[in-house]
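S.K.: Residues 0 to 299, numbered by numbering that gives the first Met the number 0, are exactly what the sequence shown covers, in order. Glycine is no exception: its CB is placed at the ideal position from the N, C-alpha and C atoms.
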Amino acid sequence: MKNLVAAAHATAGEVSRNFGQWQDVALTGPVIITHHGRPRVVLLSADRYASWNDMPEVASAAVDRTAETSREAILEHLAEGFIALDPTLHVTSVNPVFEALAGRSAGQLIGANWSDLFPLAPQAVIAEQMRRVLRTGEAVEFEADSTLQSGRCYGVRVFPYPDGVAALFVNRTEEHDLRNRLRYAQAMRAATAALPQLAVARLNIRGVLAEMDTDFLRLTGFSSAELLDCRLTDIIRPTDRRALTQALEKVLQGGPAARVATALMVKAGEERPVELSLAPILREGAADGVMVLMMTADEG
């Protein structure tokens, strides 16, 4: 690289006009060819090129440095927590996300043994999975509750890594909670289906019927096509419509769930006494609709 600093300089035009001359100069040292004052290419003798090409350790070191720099950049910007360990499960590398997850700096983590850092039983299970990967060379993936941050659940992927094993930790708390809510919702639907006097509907932000279950349609006597895009207030007795409208407004403005006793105007013309339970459907903290439970005193 020192030779490049002391190299001769020539413009592209000069080399084009006097190539033989600059070719002779290149026999003794590199010639840096400029274009509009900026270095563009280097004219190099074949012997000097061959001598540089015969130094694989230089090229290999450069490749290794580039690879290491690239790997560090990737680990630095991973959304997942990363930790690498040697075959004895001593920490060799961590990224900032894992530091935040563990509540310790890289200086406190690197060089320490996993079992000393994380001695609790759930963390020992992770260590056992790391040893399994070291034995088999096959990656494993599982979920584990965090013992460091109460209430959090992490997805863990353990895989072979140069000179040992590594693991990625991704926060799955929201995903885990969502799966639980879906299971609870399925159980709730199954429970309500067993009660023919209980019907369910969903209103949009304008208080219009957007979704109804079969029991709701059966109790009203209308079809889905007839009720879709109709206001809930249109199918209750007129004297209660003002009270229901006020209750819906409060719920849609972020108020608590409300109960309204009224009478349903069924298709046949008669009134059917019902009790409505109204609860806001939240989206990013704001009401995006209303869930309606309708309970009758009879079984329809």
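Just to confirm, is the Cβ distance from V41 to V24 under 9 angstroms?
M.R.: Result no, Cβ atoms of V41 and V24 do not sit closer than 9 angstroms.
S.K.: Within its chain, find whatever has a CB closer than 8 angstroms to the CB of R300; leave out the 5 residues flanking it on each side and keep chain order.
M.R.: Shown here, the chain extends from 0 to 299; a query on residue 300 therefore has no answer.
S.K.: Kindly provide the ranges of any beta strand (DSSP E) runs that are 3 or more residues long and lie completely inside the stretch 114 to 176, ordered along the chain.
M.R.: 139 to 144, 152 to 160 and 163 to 170
S.K.: At a cut of 8 angstroms, does the stretch 158 to 168 reach the stretch 77 to 91 through at least three beta carbon pairs?
M.R.: yes
S.K.: Mapping the DSSP letters down to three states, classify V93 as helix, strand or coil.
M.R.: Here V93 sits in strand by DSSP.
S.K.: Does the count of Cβ pairs from the stretch 179 to 199 and the stretch 110 to 126 closer than 8 angstroms reach three?
M.R.: no
S.K.: Buried or exposed for V57, going by 16 or more other Cβ atoms inside 10 Å?
M.R.: Below a pLDDT of 50, predicted positions are generally treated as unreliable, and V57, at 49, falls in that range; the measurement from the model is reported next regardless. Flag for V57 reads exposed.
S.K.: Below 8 angstroms, can you find three or more Cβ-Cβ pairs linking the stretch 258 to 278 to the stretch 171 to 181?
M.R.: Because the criterion of three Cβ pairs below 8 angstroms is not met, the stretch 258 to 278 and the stretch 171 to 181 do not touch.
S.K.: According to the Cβ coordinates, are L263 and T232 closer than 9 angstroms?
M.R.: no
S.K.: Cα-Cα, which of T27, P38, R37 and I32 is closest to A45?
M.R.: Between A45 and the set T27, P38, R37 and I32, the nearest pair of CA atoms involves T27.
S.K.: Using a threshold of 9 angstroms, state whether the C-beta atoms of A198 and M294 are closer than that.
M.R.: yes
S.K.: Given a threshold of 16 other Cβ atoms within 10 Å of its Cβ, counted over all protein chains shown, does G206 qualify as buried or as exposed?
M.R.: buried
S.K.: Between the beta-carbon of G157 and the beta-carbon of A186, is there less than 9 angstroms?
M.R.: The amino acid occupying residue 157 in the given sequence is Val; Gly does not appear at that position. Going by C-beta atoms, V157 is not nearer than 9 angstroms to A186.
S.K.: Are the CB atoms of Y153 and V169 nearer to each other than 9 angstroms?
M.R.: yes
S.K.: Quick test of your reading: V250 and A278, contact by CB under 8 angstroms. State the CB separation rounded to the nearest angstrom.
M.R.: 7 angstroms
S.K.: Within 9 angstroms (strictly less), CB to CB, does L202 reach chain B?
M.R.: Considering every chain present, this structure includes no chain B. It has just one protein chain.
S.K.: The alpha helix (DSSP H) that contains S15, what's its start and end?
M.R.: For S15, the enclosing alpha helix (DSSP H) covers residues A11 to R16.
S.K.: Residues in the same chain with beta-carbon distance under 6 angstroms from S92, minus the five sequence neighbours each way, listed in chain order, please.
M.R.: A83
S.K.: Is there at least one non-hydrogen atom of the ligand MN closer than 8 angstroms to the beta-carbon of D144?
M.R.: Among the components modelled here there is no ligand, and therefore nothing to report on the ligand MN.
S.K.: For N94, count neighbouring C-beta atoms within 10 Å of its own C-beta (all shown protein chains included) and say buried if the count is 16 or more, exposed if not.
M.R.: buried
S.K.: Starting from the Cα of E270, find the closest Cα among A242, I234 and G253 and give me that residue.
M.R.: I234
S.K.: Along the chain, where does the alpha helix (DSSP H) containing L108 start, and where does it finish?
M.R.: A105 to L108
S.K.: Opposite F81 in the DSSP bridges: which residues?
M.R.: L167
S.K.: Out of D214, K266, G253 and L275, point me to the one whose CA is closest to A242's CA.
M.R.: Here the closest residue by C-alpha is L275.
S.K.: Between the Cα of I125 and those of G136, F141 and T135, spot the shortest distance and give me the residue it belongs to.
M.R.: F141
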